[in-house]
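Engineer: Listed in order, the protein sequences are those of chains V and P.
Counting from 1, one number per residue, gives the positions in the first sequence under my numbering.
Counting from 1, one number per residue, gives the positions in the second sequence under my numbering.
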Amino acid sequence: MSLEGPVTTTILTPFGGFLIILKIGIITLSVFYFAFSLVVVRQVSLMTETLITEVAPLLRAFSIIHAGISLGIILLFIGLLFG
Amino acid sequence: MKLFPAYFDRPVHMKFADQEEDETIELLLRRHFVTNVPWIFMVFVGLFIPIIVLNLSSLLSGFGVDKIPGNIILATVILWYLFLLAYAITKMLNWYFNIYIVTNKHVVDINFHNLLNRDFVEVRLDDIQSSKSHIKGVIGSLFHYGDVIIETAAERQHIDFLSVPKPDAVKERIQDLQEKEEGPSDVT
Numbered sequence: 001m002s003l004e005g006p007v008t009t010t011i012l013t014p015f016g017g018f019l020i021i022l023k024i025g026i027i028t029l030s031v032f033y034f035a036f037s038l039v040v041v042r043q044v045s046l047m048t049e050t051l052i053t054e055v056a057p058l059l060r061a062f063s064i065i066h067a068g069i070s071l072g073i074i075l076l077f078i079g080l081l082f083g
Numbered sequence: 001m002k003l004f005p006a007y008f009d010r011p012v013h014m015k016f017a018d019q020e021e022d023e024t025i026e027l028l029l030r031r032h033f034v035t036n037v038p039w040i041f042m043v044f045v046g047l048f049i050p051i052i053v054l055n056l057s058s059l060l061s062g063f064g065v066d067k068i069p070g071n072i073i074l075a076t077v078i079l080w081y082l083f084l085l086a087y088a089i090t091k092m093l094n095w096y097f098n099i100y101i102v103t104n105k106h107v108v109d110i111n112f113h114n115l116l117n118r119d120f121v122e123v124r125l126d127d128i129q130s131s132k133s134h135i136k137g138v139i140g141s142l143f144h145y146g147d148v149i150i151e152t153a154a155e156r157q158h159i160d161f162l163s164v165p166k167p168d169a170v171k172e173r174i175q176d177l178q179e180k181e182e183g184p185s186d187v188t
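(1) Report the residue from P:THR103, P:ASP119 and P:TYR7 whose alpha carbon sits nearest the alpha carbon of VAL34 (chain P).
(2) Kindly list the residues whose CB is nearer than 6 Å to the CB of LEU71 (chain V), restricted to its own chain and excluding five residues on each side of it in sequence; keep chain order.
(3) Give me the chain V residues within the contact set of THR76 (chain P), using Cβ-Cβ distance strictly less than 9 Å, ordered along the chain.
(4) For ARG124 (chain P), does the three-state DSSP call read helix, strand or coil?
(5) Give the single residue among P:ILE135, P:LEU79, P:LEU116 and P:GLU151 whose Cα lies nearest to the Cα of LEU125 (chain P).
(6) For ILE72 (chain P), go through chain V and note every residue whose CB falls closer than 8 Å to its CB, in chain order.
(7) Comparing the C-beta of MET14 (chain P) with each C-beta of chain V, is any distance below 8 Å?
(8) Which stretch, first to last residue, makes up the alpha helix (DSSP H) that contains ASN71 (chain P)?
(9) First and last residue of the beta strand (DSSP E) that includes VAL164 (chain P)?
(10) Using three-state DSSP, classify SER37 (chain V) as helix, strand or coil.
(11) Taking Cβ-Cβ distances shorter than 7 Å, what residues in chain V pair up with ALA197 (chain P)?
(12) Within this structure, are the beta carbons of LEU29 (chain P) and VAL164 (chain P) separated by less than 8 Å?
(13) Would VAL31 (chain V) pass as an interface residue toward chain P - the criterion being a Cβ-Cβ separation below 8 Å?
(14) Thinking C-alpha only, which one of V:LEU81, V:PHE18 and V:THR13 is nearest GLY70 (chain P)?
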């Protein structure tokens with residue numbers, strides 16, 4: 001079995017290994033960012049219940065849109081790095 | 001600053017949790033918007049860091065930096081801006097939800113320490129022993145903001161309104177409300 005070819009070359013060189021670790025690291029950090037965005041949604045929801053203002057629904061909407069975008073970024077990164 | 005007000009005198013469309021039926025908000029305060037300038041400046045500097053690093057990468061080509069594929073560089077730059085956004089969101093929410101409320105019955109301090117911790121302190125006007133205002137430094141004098149320290153007889157011994165606009169007016173208002181609530185007394 002030949003070890004040549006784009007996939008084996010990428011993984012079996014030290015630099016290729018480094019790139020794989022870098023890609024996994026980027027995906028992991030984007031997952032952390034998504035978790036952060038969910039915490040923001042929860043916290044904005046809690047705080048808008050504590051202080052009821054006219055802009056509260058707008059803030060909640062922004063936090064939910066932000067969480068949606070951060071989920072989209074995970075998918076973008078998967079496509080960009082492993083597609 | 002009209003865009004991001006930090007001083008509301010008798011706001012009409014605002015309520016807070018645990019507000020009583022006959023309780024009205026007299027003052028709603030946040031830290032003065034100027035106190036946000038340091039982190040806004042840091043975010044502004046952060047916007048340019050990827051551009052600077054990418055321009056310097058030609059100097060680091062000896063370390064193999066130029067061999068990193070474009071998609072990884074693009075993903076790293078997007079990730080950098082995401083974390084910059086996270087920092088800005090945290091700081092903005094911290095400013096927006098750290099609120100001091102003076103009502104006709106209570107003084108309320110809502111603290112939003114970080115995304116996971118918050119506390120809600122409410123002290124009756126009757127329990128206030130003294131209140132004093134303090135304007136700090138040149139910036140404080142220039143933009144007219146400072147601290148109001150409220151000493152109480154309640155479990156929590158003092159409530160600090162930090163970096164609020166017009167601290168002297170806030171102190172006066174608290175004293176006036178206190179006098180209305182319990183009749184004239186010698187409050188410092």
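Where a beta carbon is used, it is the ideal one built from N, C-alpha and C, also for glycine.
Structural biologist: Put simply:
(1) Taking the first residue of the second sequence as position 1, residue 34 (chain P) is located at position 34. The option with the nearest alpha carbon to VAL34 (chain P) is P:TYR7.
(2) Position 71 of the first sequence, counted from the first residue, corresponds to residue 71 (chain V). The answer, listed in chain order, is PHE34.
(3) Taking the first residue of the second sequence as position 1, residue 76 (chain P) is located at position 76. Correct list: LEU22 and ILE26.
(4) Locating residue 124 (chain P) in the second sequence gives position 124, counting from the first residue. Collapsing the DSSP output to three states places ARG124 (chain P) in a strand.
(5) Counting from one through the second sequence, the residue named residue 125 (chain P) turns up at place 125. Distance check between LEU125 (chain P) and each of P:ILE135, P:LEU79, P:LEU116 and P:GLU151 places P:GLU151 closest, using alpha-carbon atoms only.
(6) Here residue 72 (chain P) corresponds to residue number 72 of the second sequence, with the count starting at 1. Ordered by position in chain V, the residues that pass the 8 Å Cβ test against ILE72 (chain P) are LEU19, LEU22, LYS23, ILE26 and LEU81.
(7) Your numbering for residue 14 (chain P) matches position 14 in the second sequence. Output row for MET14 (chain P): interface = yes.
(8) For this step, residue 71 (chain P) is matched to residue 71 along the second sequence. Note, ASN71 (chain P): alpha helix (DSSP H), 70 to 97.
(9) If you number the second sequence from 1, residue 164 (chain P) lands on position 164. Segment 158 to 165, the beta strand (DSSP E) holding VAL164 (chain P).
(10) Along the first sequence, read from residue 1 onward, the residue named residue 37 (chain V) stands at position 37. Assigned with DSSP and collapsed to three states, SER37 (chain V) falls in helix.
(11) Since the first residue of chain P shown is 1 and the last is 188, residue 197 (chain P) is not available in this structure.
(12) Position 29 of the second sequence holds residue 29 (chain P). Position 164 of the second sequence holds residue 164 (chain P). The Cβ-Cβ distance between LEU29 (chain P) and VAL164 (chain P) falls below 8 Å.
(13) Here the question's residue 31 (chain V) lines up with position 31 in the first sequence. So no, VAL31 (chain V) is outside the interface.
(14) The sequence position of residue 70 (chain P) within the second sequence is 70, counting from 1. Nearest option by C-alpha distance: V:LEU81.
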